[in-house]
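All remarks here apply to the structure that follows.
Numbering (the working numbering), first residue to last: 45 to 278.
Following this line, the structure appears as structure tokens:
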């Protein structure tokens, strides 16, 4: 028989497995916003008791990816399109302050990490792997924030990028996951501006990088969701 410590460890590994699988499916939009997440069916699917399933759902709720309704049913969290203007305002600000800060500080060792994530992003774009694109893009920008050296900015930016993963998935879908090479090149331009310490150029690139995402998402909402939303950068 397993002792209590072994039971906790086994349950913990089960929780992690369910969490990772559902998180990937939610972020890749394989599980669409509003989809029900029934504990009984998930227990059958993963061949586990309901306890690790429930714990995984609690972790996903903490990530803002699932919502528990008043009737105690759990669904994949919906995307609040009405909040996008304020979201993009905050995101653009963080693009700017972190990219500017990185250009001011510069650090050859951290730039190796930035370049590694850029390589991963370029490979994901070439392979049309949307999930890998989202992950690599997130790590690319977080590593730039770490180079900028303000841990508060880094934590806030990471949170914004995590909250926006499904928005980014919609963005990539506007290209049918065939992301143009220009988006890889934009990252390269940002790297070059940081390495040369060109703060103003870094700022301009950050503004442009955010603006084209906003524009594409706005067009997607207006065209495909039949819900025109004014997303302003002002």
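We put the CB at the ideal spot given by N, CA and C, even for glycine.
Assign residue i to one of three DSSP states: helix, strand, or coil.
{"i": "residue 240", "result": "coil"}
{"i": "residue 49", "result": "Residue placement at residue 49 is poorly supported in this model, since its pLDDT is 42, which falls under 50; the coordinates are not used for a value here."}
{"i": "residue 224", "result": "coil"}
{"i": "residue 80", "result": "strand"}
{"i": "residue 72", "result": "coil"}
{"i": "residue 123", "result": "coil"}
{"i": "residue 91", "result": "coil"}
{"i": "residue 115", "result": "coil"}
{"i": "residue 107", "result": "coil"}
Verify whether the separation of the beta carbon atoms of residue i and residue j is less than 8 Å.
{"i": "residue 143", "j": "residue 77", "result": "no"}
{"i": "residue 249", "j": "residue 234", "result": "yes"}
{"i": "residue 189", "j": "residue 196", "result": "no"}
{"i": "residue 120", "j": "residue 79", "result": "yes"}
{"i": "residue 180", "j": "residue 165", "result": "yes"}
{"i": "residue 258", "j": "residue 132", "result": "yes"}
{"i": "residue 22", "j": "residue 81", "result": "Outside the shown range of the chain (45 to 278) lies residue 22, about which nothing can therefore be said."}
{"i": "residue 186", "j": "residue 201", "result": "yes"}
{"i": "residue 191", "j": "residue 141", "result": "no"}
{"i": "residue 218", "j": "residue 256", "result": "no"}
{"i": "residue 112", "j": "residue 105", "result": "yes"}
{"i": "residue 162", "j": "residue 184", "result": "yes"}
{"i": "residue 135", "j": "residue 241", "result": "no"}
{"i": "residue 221", "j": "residue 160", "result": "no"}
{"i": "residue 83", "j": "residue 68", "result": "no"}
{"i": "residue 245", "j": "residue 237", "result": "yes"}
Residue i lies in the beta strand (DSSP E); which residues open and close that run?
{"i": "residue 119", "result": "118-120"}
{"i": "residue 111", "result": "110-112"}
Which residues in the same chain have their Cβ closer than 8 Å to the Cβ of residue i, if we skip the five residues on either side of it in sequence?
{"i": "residue 239", "result": "150, 155"}
{"i": "residue 274", "result": "Because the pLDDT at residue 274 is just 44, under 50, the model does not fix this residue reliably, and the value given afterwards should be weighed accordingly. 129, 262, listed in sequence order."}
{"i": "residue 138", "result": "189, 197, 200, 201, 204"}
{"i": "residue 264", "result": "214, 215, 217, 218"}
{"i": "residue 232", "result": "162"}
{"i": "residue 193", "result": "145, 149"}
Within a Cβ cutoff of 6 Å, which residues of the same chain sit near residue i, ignoring the five residues on either side of it in sequence?
{"i": "residue 90", "result": "62"}
{"i": "residue 59", "result": "96, 99, 100"}
{"i": "residue 230", "result": "253"}
{"i": "residue 109", "result": "70, 121"}
{"i": "residue 182", "result": "205"}
{"i": "residue 168", "result": "176, 177, 180"}
{"i": "residue 48", "result": "Residue confidence for residue 48 is low, a pLDDT of 44 falling below 50, so the modelled location carries little weight; the figure read from the coordinates is stated next. The answer is none, since no qualifying residue turns up."}
{"i": "residue 170", "result": "none"}
Locate the alpha helix (DSSP H) running through residue i, then write down its first and last residues.
{"i": "residue 198", "result": "195-207"}
{"i": "residue 218", "result": "Run containing residue 218: none; DSSP gives neither H nor E here."}
{"i": "residue 159", "result": "152-171"}
Beta-carbon within less than 7 Å of residue i's beta-carbon, same chain only, minus the 5 sequence neighbours each way: which residues are those?
{"i": "residue 216", "result": "174, 177, 223"}
{"i": "residue 210", "result": "71, 73, 123"}
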